[in-house]
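Peer 1: Read top to bottom, the protein sequences are chains A and U. Residue 579 is where the first sequence starts when you use this note's numbering, and the numbers rise one by one after that. Residue 245 is where the second sequence starts when you use this note's numbering, and the numbers rise one by one after that.
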Amino acid sequence: AQKITQTQPGMFVQEKEAVTLDCTYDTSDQSYGLFWYKQPSSGEMIFLIYQGSYDEQNATEGRYSLNFQKARKSANLVISASQLGDSAMYFCAMREGKGDTGRRALTFGSGTRLQVQP
Amino acid sequence: DSGVTQTPKHLITATGQRVTLRCSPRSGDLSVYWYQQSLDQGLQFLIQYYNGEERAKGNILERFSAQQFPDLHSELNLSSLELGDSALYFCASTRTSGIRETQYFGPGTRLLVL
Chain A
579 AQKITQTQPG MFVQEKEAVT LDCTYDTSDQ SYGLFWYKQP SSGEMIFLIY QGSYDEQNAT
639 EGRYSLNFQK ARKSANLVIS ASQLGDSAMY FCAMREGKGD TGRRALTFGS GTRLQVQP
Chain U
245 DSGVTQTPKH LITATGQRVT LRCSPRSGDL SVYWYQQSLD QGLQFLIQYY NGEERAKGNI
305 LERFSAQQFP DLHSELNLSS LELGDSALYF CASTRTSGIR ETQYFGPGTR LLVL
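(1) Taking the straight line between their C-alpha atoms, what separation do you get for L325(U) and I582(A)?
(2) Does the segment 247-255 of chain U come within contact of the segment 285-303 of chain U, defined as at least 3 CB pairs closer than 8 angstroms?
(3) To be precise: take each residue of the segment 265-285 of chain U, compare its Cβ to all Cβ atoms of chain A, and keep it if any distance is under 9 angstroms. Which residues remain?
(4) Closer than 9 angstroms, Cβ to any Cβ of chain D: which residues of the segment 607-625 of chain A, in chain order?
(5) Let me know the secondary structure DSSP gives L327(U) once reduced to three states.
(6) Do L684(A) and F613(A) have their C-beta atoms closer together than 8 angstroms?
(7) Which residues, in chain order, does the segment 309-334 of chain U contribute to contact with chain A at a C-beta distance below 8 angstroms?
(8) If we call anything under 8 angstroms between Cβ atoms a contact, is Q261(U) one with A331(U)?
(9) Please report whether the beta-carbon of S643(A) lies at a distance below 8 angstroms from any beta-carbon of chain U.
(10) Look at A666(A) and K616(A) and say whether their C-beta atoms are less than 8 angstroms apart.
(11) Could you give the residue range of the beta strand (DSSP E) that holds H254(U)?
(12) Straight-line CA distance for K600(A) to C670(A)?
(13) To which residues of the same chain is D664(A) closer than 7 angstroms at the C-beta, ignoring the five residues directly before and after it?
(14) Would a check of beta-carbon distances place E306(U) closer than 8 angstroms to chain A?
(15) Is the CB-CB distance between R277(U) and L287(U) below 8 angstroms?
(16) Can R266(U) and E345(U) be called in contact, C-beta distance under 8 angstroms?
(17) Please report the distance separating the alpha-carbon of S309(U) from that of A659(A).
(18) Return the bridge partner residues of K301(U) from the DSSP annotation.
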């Protein structure tokens with residue numbers, strides 16, 4: 579089974595509107611971390627936001643927030659007030675907590691390509 | 245700028261050749277992770293080093309190897325290259341391997357095997 583599933587290969591959003599990028603995950607660990615990264619066309623991987631499995635509040639970082647629903651195993655990224663510069667690939671990733679440190683490498687989803695239209 | 249540096253940015257080589265990719269982690273970071281991003285496999289973990297020692301292996305081919313030096317920079321060696329090795333290779337670093345530690349990625353090395 580896929581550990582991280584991003585079901586939206588591509589999304590369009592109008593400038594200044596909000597958009598939600600979906601991510602579901604699968605783990606048997608109680609302790610884990612969820613990350614979102616942005617990859618613009620230039621290729622670099624830019625960290626956006628982190629949510630720990632024991633965090634009681636949803637994470638927020640500026641225009642980025644994470645809608646964390648633990649029981650449903652979902653960690654959706656919400657981008658508010660979209661800007662043209664938000665056009666990029668977005669990856670959801672998980673870091674599991676138990677076992678050897680190899681499991682603390684990130685497991686990535688397949689990504690969602692977001693295009694912001696003027 | 246993440247503080248992680250990778251050289252070279254681009255590499256073009258031929259099948260059967262050997263190349264070395266270099267990564268310098270952020271100042272103070274002890275752990276280095278290598279990832280490969282290809283069109284068919286997506287982003288996948290290759291290998292991790294922590295303070296000079298190999299800690300974990302992911303989907304790394306036997307033709308590939310890595311090491312981390314006393315100054316904490318790391319090198320990924322790819323040998324007997326095949327067309328399918330063409331990919332973007334990232335390294336990422338963290339201070340420890342703690343669950344909350346964010347991995348900061350370098351700009352990547354884009355490898356093209358012809």
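Here a beta-carbon is modelled for each residue, glycine too, at the ideal position from N, C-alpha and C.
Peer 2: Let me spell this out:
(1) By 1-based counting over the second sequence, the position of residue 325(U) is 81. By 1-based counting over the first sequence, the position of residue 582(A) is 4. Straight-line Cα distance between these residues: approximately 30 angstroms.
(2) no
(3) S275, Y277, Y279 and Q281
(4) Checking the listed chains, one finds no chain D in this structure; the protein chains it contains are A and U.
(5) Sequence index remark: in the second sequence, residue 327(U) carries index 83 (1-based). Correct three-state label for L327(U): helix.
(6) Here residue 684(A) is taken as the residue at index 106 of the first sequence, counted from 1. Here residue 613(A) is taken as the residue at index 35 of the first sequence, counted from 1. Yes. Within cutoff.
(7) L332 and F334
(8) Residue numbering aside, residue 261(U) sits at position 17 when the second sequence is read from its first letter. Residue numbering aside, residue 331(U) sits at position 87 when the second sequence is read from its first letter. No.
(9) The residue labelled residue 643(A) in the question sits at position 65 within the first sequence. Cβ-Cβ to chain U under 8 angstroms: no for S643(A).
(10) To locate residue 666(A), count along the first sequence from 1; it is residue 88. To locate residue 616(A), count along the first sequence from 1; it is residue 38. Against a cut-off of 8 angstroms, the Cβ pair of K616(A) and A666(A) comes out as a contact.
(11) Here the question's residue 254(U) lines up with position 10 in the second sequence. H254(U) -> beta strand (DSSP E) spans H254 to T257.
(12) Here residue 600(A) corresponds to residue number 22 of the first sequence, with the count starting at 1. Here residue 670(A) corresponds to residue number 92 of the first sequence, with the count starting at 1. For the sequence presented, residue 600(A) should be read as Asp rather than Lys. So the two alpha carbons sit approximately 9 angstroms from each other.
(13) Locating residue 664(A) in the first sequence gives position 86, where the first residue counts as 1. So the list reads I657, L692 and V694, once near-sequence residues are dropped.
(14) As a position in the second sequence, residue 306(U) is number 62, starting the count at 1. It does not; no Cβ of chain A falls within 8 angstroms.
(15) For the purposes of this step, residue 277(U) is taken as residue 33 along the second sequence, with counting starting at 1. For the purposes of this step, residue 287(U) is taken as residue 43 along the second sequence, with counting starting at 1. It should be pointed out that residue 277(U) corresponds to Tyr in this sequence rather than to Arg. It is not a contact, given that the beta carbons lie outside the stated cut-off.
(16) Along the second sequence, read from residue 1 onward, the residue named residue 266(U) stands at position 22. Along the second sequence, read from residue 1 onward, the residue named residue 345(U) stands at position 101. No, Cβ-Cβ distance for R266(U) and E345(U) is not below 8 angstroms.
(17) One-based indexing of the second sequence puts residue 309(U) at position 65. One-based indexing of the first sequence puts residue 659(A) at position 81. Cα to Cα, S309(U) sits roughly 44 angstroms from A659(A).
(18) Within the second sequence, numbered from 1, the residue matching residue 301(U) stands at position 57. Partner(s): I291(U).
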